[in-house]
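Numbering (full-length UniProt numbering), first residue to last: 3 to 413.
Yeah, the Cβ is synthetic: ideal placement off N, Cα and C, and Gly gets one too.
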Ligand code: PMP
């Protein structure tokens, strides 16, 4: 025996485990509704035309090279990323109150946030929606932070439990951290209305809570960058006089560069008494964030950031990108309608309107773990045991089979 013999083997990651089983399945009618990645109408990954334009432009530049980026990342990328998220009229941008660090996609941005909080505010409790993205708690727990949850999904009504949500904010220790999904809540596909956002943010403000917006689907959810940034911008407006705001921004979905790991961490500083004070705090925080990044990844990956910087800084490519986001979001919305309509035609017991009213990549179908298991075993349809289905995996060729199979397992 060696020192390694007592180390236990862990079960496979739930989501990536589904991907593995799906890959091994030899049934030709198999359908992958597991992992959240966009697929075209033939079930194939899609390289966005805007990304192709940017790649072409970069590769035809004779000065293109593979040098290291700065520790804080590519400036043209982080500035562009900040502009689309906070908006051109953002008071925080005008007052130069945002520190931005390029990150290893959204996960890396969350990791920077968790490291930063654990270093300077280790006593703070982190609150996540119940349910939330499977990796959220793991990222913060890995930094020894104490994690808790606030009510979100009300299974009986398939809507947000606003009373429970607001009450959790009210009773949390003053100055806690609340992680909010900026749009397209994963896994429920259920977002607060504009009015609900205002109530949530006001309540957070009353408790001096710190807000962390996780923005993984901007533009992907509705096809409109501004619409999907509503909550973040309202948060900056309502809270940032008082408390800092963390934003973790992923470009995995909206530019479809999942594996290139393009993301950004933004820290919006609370307003200081004067500009000099702001500059001083900003410089201090920037140096601390760079120290975190330096010891872990030294400097962020360059390729995806260069592509996104091209897209954000060229009008023609930006326009194409906006069209691409509409292409993706409208195909997903069309598939939501198609599945709902087919279930209604089949007379499948229950009400399926939530499939249409939910937004973003996922639908929280309400199917039980047992039904999900049968879908996989008997019908070669793969999804997470919580009943979360990635709608991007549906297309005109498989939606019939999926509807009939759901009908069969529900009946
Ligand atoms: N947050 C949420 C809510 C997500 O759904 C995801 C992707 N599934 C991420 C963050 C991070 O993804 P990535 O690291 O690929 O950007």
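Cβ-based neighbour list, residue i, same chain, cut-off 6 Å, excluding 5 preceding and 5 following
i, result
"residue 141", "112, 113, 116"
"residue 123", "none"
"residue 183", "216"
"residue 73", "292, 295, 296, 301"
"residue 168", "205"
Proximal residues to residue i (C-beta, below 8 Å), its chain only, five neighbours per side dropped
i, result
"residue 48", "40, 41, 42, 258, 330"
"residue 364", "38, 186, 188, 189, 190, 191, 390, 391, 392, 393"
"residue 299", "106, 110"
"residue 200", "236, 240"
"residue 244", "207, 210, 272"
"residue 403", "31, 33, 381, 383"
"residue 310", "56, 79, 82, 83, 253, 257, 259, 264"
"residue 407", "377, 380, 381, 383"
Of the listed residues the options, nearest to residue i (C-alpha basis)
i, options, result
"residue 321", "51, 4, 31", "51"
"residue 204", "218, 215, 187, 236", "236"
"residue 1", "44, 159, 138", "The chain is shown from 3 up to 413; residue 1 falls before or after that span and cannot be answered."
"residue 398", "16, 319, 46", "46"
"residue 129", "176, 94, 343", "176"
"residue 289", "275, 377, 102, 166", "102"
"residue 279", "370, 98, 74", "98"
"residue 334", "156, 227, 58, 396", "396"
"residue 157", "377, 73, 16, 369", "369"
"residue 328", "224, 149, 18", "224"
"residue 212", "251, 359, 174", "174"
"residue 318", "44, 5, 59, 6", "59"
"residue 195", "229, 180, 179", "229"
"residue 134", "150, 121, 125", "150"
"residue 385", "67, 19, 7, 89", "19"
"residue 339", "351, 232, 361", "361"
"residue 270", "10, 246, 283", "246"
"residue 148", "219, 119, 132, 8", "119"
"residue 412", "352, 287, 274", "352"
"residue 266", "251, 178, 180", "251"
Any non-hydrogen atom of the ligand PMP within 7 Å of residue i CB
i, result
"residue 135", "yes"
"residue 361", "no"
"residue 388", "no"
"residue 256", "no"
"residue 107", "yes"
"residue 38", "yes"
"residue 307", "no"
"residue 395", "no"
"residue 183", "yes"
"residue 218", "yes"
"residue 252", "yes"
"residue 188", "yes"
"residue 70", "no"
"residue 265", "yes"
"residue 260", "yes"
Exposed unless 16 or more other CB atoms sit within 10 angstroms - verdict on residue i
i, result
"residue 325", "exposed"
"residue 25", "exposed"
"residue 221", "buried"
"residue 14", "exposed"
"residue 197", "exposed"
"residue 345", "buried"
"residue 379", "exposed"
"residue 63", "exposed"
"residue 216", "buried"
"residue 214", "buried"
"residue 143", "exposed"
"residue 152", "buried"
"residue 165", "exposed"
"residue 371", "exposed"
"residue 248", "buried"
"residue 303", "buried"
"residue 261", "exposed"
"residue 6", "exposed"
"residue 281", "exposed"
"residue 131", "buried"
Own chain residues within Cβ distance below 7 Å of residue i, not counting five before or after
i, result
"residue 354", "342, 345, 346"
"residue 374", "385, 387, 389"
"residue 70", "301"
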